[in-house]
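Here's the structure, in structure tokens; my notes come after.
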Amino acid sequence: MLRALGLKRSEPSLSEAAAAPMVLQLAHDFEVSLQAMDFLLDDRTEEGLHLINDDPDSTIKTLASGVIHFLEATLGFEPEVMRKAGEILSKAEQLSTRDRAKHQKIKLKTSANFPPGTVYAVTYAEATLLHALIMLMSESMIESAKALLKLRKAYQILDEVRTQIKANEKKRKLDAARSGSPRAYESGASSGSSFVSAMDASSSAGPTHSSDIPFTMSQEILSDRSVTDLADKVQCMRMSRLEGSHIGNTPATERLRSTVGYQQSSTEAMAKEKTPEPSTTPSLESSQGTIEEFIVSGTNLCFGILQLVISLIPPAVGKVLSVFGMSANKEDALRMIWKSVQGRNVHGSIGLLALLVFYDGPFQFTDADFDIPDPLSTTFSREATFDEDNDDTELALKKMRSKKIMDAESQAYQGTGAPTLLHPGKKLEDALLYARALFPNSALWLLQEARMLASRGRLEESLGLLDSLKRPIRMRQVEALLRFDRVMILTFMHNYERAAAEFLKLIEINAWSPALYGYAAGSCYLELYRMCRLGLITDPEQLKREAEFKKKAEELIIKAPIYAKQKTKLMPFDKFVLRKTAQFEANAKKNNCSLVDAIGVSPTHELMYFWNGYNRMYEDNLVTSQKLLSYSISEKAVCAETANQTMVRQFLTALTLRRLGQAEEGIKILDEELIPKIITFQPGNKKEPYKYKHLTEDPWLYPTVFYERALFEWKVNGVDGLTKARQWLKYGQDYSDDYELSTRVAMKIKAASDRLDSL
């Protein structure tokens with residue numbers, strides 16, 4: 001069964017006296033590495049790296065360095081940082097292979113419940129998985145394909161370790177049932193005691209245990225003071241980590257809040273409220289050894305994230321993975337990640353970040369609207385009667401089941417029902433609040449809280465929280481991410497001048513896509529120019545700046561492609577900017593007008609869609625958006641918009657109508673103006689019932705129209721529209737093409753399809 005762990009034929013075993021100091025030193029190195037990674041999570045990266053840079057040949061310290069650089073890469077998406085993270089993780093893979101073989105050869109057990117070498121199987125799988133995720137982050141189909149082999153290797157190892165963990169859990173339950181004690185599985189010194197005090201307390205009874213040594217120690221080992229001192233040190237390090245005091249901060253309970261939200265005087269607010277212990281405080285006890293803790297929490301995190309990634313990737317890639325024997329269940333994946341979050345180590349923190357991105361990130365993987373149809377939608381009567389011989393009975397039962405699931409998800413989303421895997425509600429909130437208290441110096445967790453507020457439509461509060469941070473942010477990737485989230489909120493709220501300044505600042509501090517930042521800044525000035533012309537700006541002083549806004553817009557949009565052409569490797573949005581600016585230039589030349597006047601539909605509103613803006617805007621923001629989207633067909637427009645610009649404008653207008661409660665009007669636009677231009681239905685042709693029309697101007701738009709049409713169907717008709725909604729998503733899924741944003745769009749459609757298939 002443990003073939004992936006690399007078990008080999010029998011070799012002479014290492015003596016227990018020789019093994020004890022080796023196991024303890026290993027546990028010590030793991031504790032140091034866990035501490036180093038927690039420094040990163042508290043925005044003290046240099047302190048963390050200082051702890052682990054002394055031994056470049058250590059597997060766990062190299063992996064810790066790889067994890068630190070991986071987090072920097074995932075936060076900043078900068079090519080150079082991603083490259084460096086990949087190199088370090090590749091080295092961690094090699095070192096893990098070396099040490100796993102070494103432990104197997106000398107039969108060195110580091111845990112009573114796992115065979116020799118298991119911990120290095122997990123470090124190898126973790127390094128391999130993180131390396132593959134960096135390759136997937138490029139949003140390139142080619143890079144995604146290269147990551148498949150790494151994902152397969154990680155999958156095989158994690159699957160087998162997970163099988164062993166489940167067997168251990170089953171044995172623990174059986175032992176607990178036989179003994180009548182839920183702690184039957186645990187071993188070692190009592191929680192909170194040092195190893196030495198435990199030894200002294202039980203010395204009259206003979207040999208004792210250390211939670212880090214997987215065997216009963218002889219008097220020979222116990223008489224070696226260097227061993228007992230090291231055991232005591234490791235125990236103290238673990239206790240300090242579990243309590244959250246290992247990185248020098250005051251107890252987290254002093255800062256723990258009960259609800260999220262920006263407060264003008266957080267000190268006063270916290271003093272007034274009684275804060276309960278959150279349900280997600282760490283459940284691991286000090287009696288569990290460091291190595292075993294790492295194996296279990298690492299496997300839950302890595303296998304959970306791996307399965308979650310597999311469940312989200314486009315079907316074309318998913319089919320390839322299934323050939324390699326990799327399958328995934330999104331709910332099982334989320335459960336494993338939630339288990340990792342219960343632990344007080346870096347795995348729990350990364351797991352929480354993964355969940356926050358999944359549930360509340362700017363790019364939500366499943367639109368909440370797919371759980372909550374419009375209140376006025378058709379619903380299936382709970383009082384319906386069923387006839388077993390009636391063909392409609394099965395359909396009616398399916399509708400009943402779907403509505404029951406939908407009601408539960410809707411109540412969880414609104415906070416009136418029990419948490420679910422898709423809408424964890426207070427459970428996720430409590431986990432975030434604990435992280436905020438545990439890492440008070442980090443802007444990363446403040447950003448996550450701001451995102452949670454934004455995802456709930458509390459834009460002003462989210463912006464206030466982001467603006468409240470006055471201290472310098474040491475980790476520039478976090479600063480860039482915080483600025484990017486803030487600038488998107490500013491655009492959603494049409495605060496374009498401040499947004500433009502923030503985009504320009506991003507060019508200075510982040511290398512992800514300067515072309516996009518410059519393009520977006522120019523687009524913000526374009527909106528200000530148009531707002532002046534439409535009369536949406538009434539301040540006389542601001543109106544005098546109309547020509548200034550136009551000039552800045554043109555300068556920045558013209559300059560944006562230059563940033564992209566300076567890069568050795570183009571990111572997806574670099575290609576997007578190059579395509580859009582080329583369209584503007586061609587239209588300007590055709591109409592003999594300025595670049596600004598040649599731009600049709602609002603570029604800013606097109607960008608807002610990619611960061612979930614329409615689902616987060618206030619009603620007055622949506623009304624303003626409708627006016628700005630109509631500029632290109634107003635009498636103020638200098639040039640007529642092109643056919644592809646018309647399609648983008650109609651699409652975005654339909655979304656604003658749905659969000660303003662005018663879904664039927666939005667459907668009419670999609671059905672009459674957009675869908676006929678993308679697909680031809682051939683009802684009489686069973687072999688080819690529909691045929692796509694080949695369009696290239698805005699490739700992201702065409703499959704996305706089908707996604708949004710499915711969402712319209714679901715919002716209006718609820719469970720009665722389930723079949724049609726699934727069919728619209730299939731049209732979007734089948735519209736396969738490789739373009740700059742294909743991975744992003746395909747993942748969105750796949751997530752929605754899986755959601756509806758579960759109903």
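Straight run, no breaks: the sequence shown in UniProt numbering ends on number 759.
Every residue, glycine too, gets a C-beta built ideally from N, C-alpha and C.
Residue closest to residue i, alpha-carbon to alpha-carbon, out of the options
{"i": "Leu629", "options": "Tyr359, Asn612 and Gly600", "result": "Gly600"}
{"i": "Thr216", "options": "Tyr155, Ala19 and Gln164", "result": "Ala19"}
{"i": "Asp741", "options": "Phe576, Pro689 and Ser758", "result": "Checking the sequence, you will find Leu at residue 741 rather than Asp. Nearest of Phe576, Pro689 and Ser758 to Leu741, Cα basis: Phe576."}
{"i": "Leu578", "options": "Tyr519, Asn615 and Thr624", "result": "Tyr519"}
{"i": "Lys61", "options": "Leu89, Thr74, Leu75 and Arg83", "result": "Leu89"}
{"i": "Arg486", "options": "Asp99, Glu460 and Thr416", "result": "Glu460"}
{"i": "Lys668", "options": "Pro699, Arg709 and Trp728", "result": "Arg709"}
{"i": "Leu622", "options": "Ala654, Ser258, Val596 and Ile633", "result": "Ala654"}
{"i": "Ile106", "options": "Glu16, Lys627 and Gln583", "result": "Glu16"}
{"i": "residue 764", "options": "Leu148, Lys567 and Ala640", "result": "Because the chain spans 1 through 759 in this model, residue 764 falls outside it and cannot be assessed."}
{"i": "Arg100", "options": "Lys84, Ile157, Ala637 and Ala73", "result": "Ile157"}
{"i": "Glu497", "options": "Ser455, Glu548 and Ser462", "result": "Glu548"}
{"i": "Pro472", "options": "Asp43, Asp29 and Phe39", "result": "Asp43"}
{"i": "Lys133", "options": "Val309, Thr259 and Leu40", "result": "Checking the sequence shown, residue 133 turns out to be Leu, not Lys. The candidate whose alpha carbon is nearest that of Leu133 is Val309."}
{"i": "Met400", "options": "Pro56, Arg726, Ser632 and Leu722", "result": "Leu722"}
{"i": "Glu606", "options": "Asp597, Lys580, Lys590 and Ala177", "result": "Lys580"}
{"i": "Leu695", "options": "Leu670, Leu652, Tyr739 and Gly684", "result": "Tyr739"}
{"i": "Pro440", "options": "Ile507, Gln164, Gln342 and Gly248", "result": "Gly248"}
Own chain residues within Cβ distance below 6 angstroms of residue i, not counting five before or after
{"i": "Tyr609", "result": "none"}
{"i": "Val119", "result": "Thr110, Ile291 and Ile295"}
{"i": "Gly613", "result": "Phe492"}
{"i": "Ala64", "result": "Ser33, Ala36, Met37 and Ile52"}
{"i": "Phe681", "result": "Tyr690"}
{"i": "Ser624", "result": "Looking at the sequence provided, one finds Thr at residue 624 rather than Ser. Contacts found: His494."}
{"i": "Met617", "result": "Phe492"}
{"i": "Ser197", "result": "Any reading at Ser197 needs caution, since the residue's pLDDT is 42, under 50, leaving its predicted position unreliable; the model's value is listed next. Excluding positions up to five away in sequence, the list is empty."}
Rounded separation between residue i and residue j - CA only
{"i": "Leu504", "j": "Ser523", "result": "12 angstroms"}
{"i": "Ala145", "j": "Pro514", "result": "27 angstroms"}
{"i": "Leu136", "j": "Leu711", "result": "27 angstroms"}
{"i": "Lys550", "j": "Thr123", "result": "55 angstroms"}
{"i": "Leu556", "j": "Tyr529", "result": "14 angstroms"}
{"i": "Asp360", "j": "Glu449", "result": "9 angstroms"}
{"i": "Leu174", "j": "Glu220", "result": "34 angstroms"}
{"i": "Arg344", "j": "Leu438", "result": "10 angstroms"}
{"i": "Ala27", "j": "His246", "result": "16 angstroms"}
{"i": "Leu433", "j": "Ala252", "result": "10 angstroms"}
{"i": "Arg744", "j": "Asp539", "result": "40 angstroms"}
{"i": "Lys569", "j": "Glu78", "result": "11 angstroms"}
{"i": "Met531", "j": "Lys724", "result": "40 angstroms"}
{"i": "Ile679", "j": "Val705", "result": "11 angstroms"}
{"i": "Leu14", "j": "Leu453", "result": "55 angstroms"}
{"i": "Asp407", "j": "Asn615", "result": "21 angstroms"}
{"i": "Glu541", "j": "Ala553", "result": "19 angstroms"}
{"i": "Glu641", "j": "Gly351", "result": "46 angstroms"}
{"i": "Arg755", "j": "Phe370", "result": "7 angstroms"}
{"i": "Ala663", "j": "Val716", "result": "7 angstroms"}
{"i": "residue 761", "j": "Lys150", "result": "Because the chain in this structure spans residues 1 to 759, residue 761 falls outside the shown range and cannot be described."}
{"i": "Ala125", "j": "Glu293", "result": "16 angstroms"}
{"i": "Gln645", "j": "Glu697", "result": "9 angstroms"}
Span of the alpha helix (DSSP H), counted from its first residue to its last, around residue i
{"i": "Tyr525", "result": "Pro514 to Leu534"}
{"i": "Thr491", "result": "Arg476 to Phe492"}
{"i": "Ile313", "result": "Here Ile313 belongs to no alpha helix (DSSP H), and DSSP marks it neither H nor E."}
{"i": "Ile134", "result": "Thr118 to Leu136"}
{"i": "Thr97", "result": "Pro79 to Ile106"}
{"i": "Phe681", "result": "Note, Phe681: premise wrong, no alpha helix (DSSP H); beta strand (DSSP E) at Ile679 to Phe681."}
Span of the beta strand (DSSP E), counted from its first residue to its last, around residue i
{"i": "Lys691", "result": "Tyr690 to Tyr692"}
{"i": "Ile68", "result": "Where Ile68 is concerned, there is no enclosing beta strand (DSSP E), although the alpha helix (DSSP H) it sits in stretches over Thr59 to Gly76."}
{"i": "Thr420", "result": "No beta strand (DSSP E) holds Thr420; DSSP gives it neither H nor E."}
{"i": "Thr704", "result": "Unbroken run through Thr704 is the alpha helix (DSSP H), Leu701 to Asn717; no beta strand (DSSP E)."}
{"i": "Ile557", "result": "Taken as a continuous stretch (DSSP letters only), Ile557 belongs to no beta strand (DSSP E), being part of the alpha helix (DSSP H) at Glu546 to Lys565."}
Own chain partners of residue i with C-beta closer than 8 angstroms, once the 5 adjacent residues on each side are dropped
{"i": "Leu469", "result": "Ala443, Leu446 and Leu482"}
{"i": "Ile509", "result": "Arg476, Glu479, Ala480 and Arg483"}
{"i": "Leu24", "result": "Ser210, Asp212, Ile213, Val227, Leu230, Ala231 and Val234"}
{"i": "Tyr707", "result": "Trp728, Leu729, Gly732, Val745, Lys748, Ile749 and Ala752"}
Closer than 8 angstroms: residue i CB and nearest the ligand NAP heavy atom
{"i": "Ser226", "result": "Within the structure as shown, the ligand NAP is missing, as the structure has no ligands at all."}
Close-in-space but distant-in-sequence residues of the same chain around residue i (CB under 7 angstroms, 5 per side omitted)
{"i": "Leu376", "result": "Residue placement at Leu376 is poorly supported in this model, since its pLDDT is 37, which falls under 50; the coordinates are not used for a value here."}
Please give me, in chain order, every unbroken run of the alpha helix (DSSP H) with length at least 4 that falls completely inside the region 593 to 633. 595 to 598, 603 to 610 and 619 to 629
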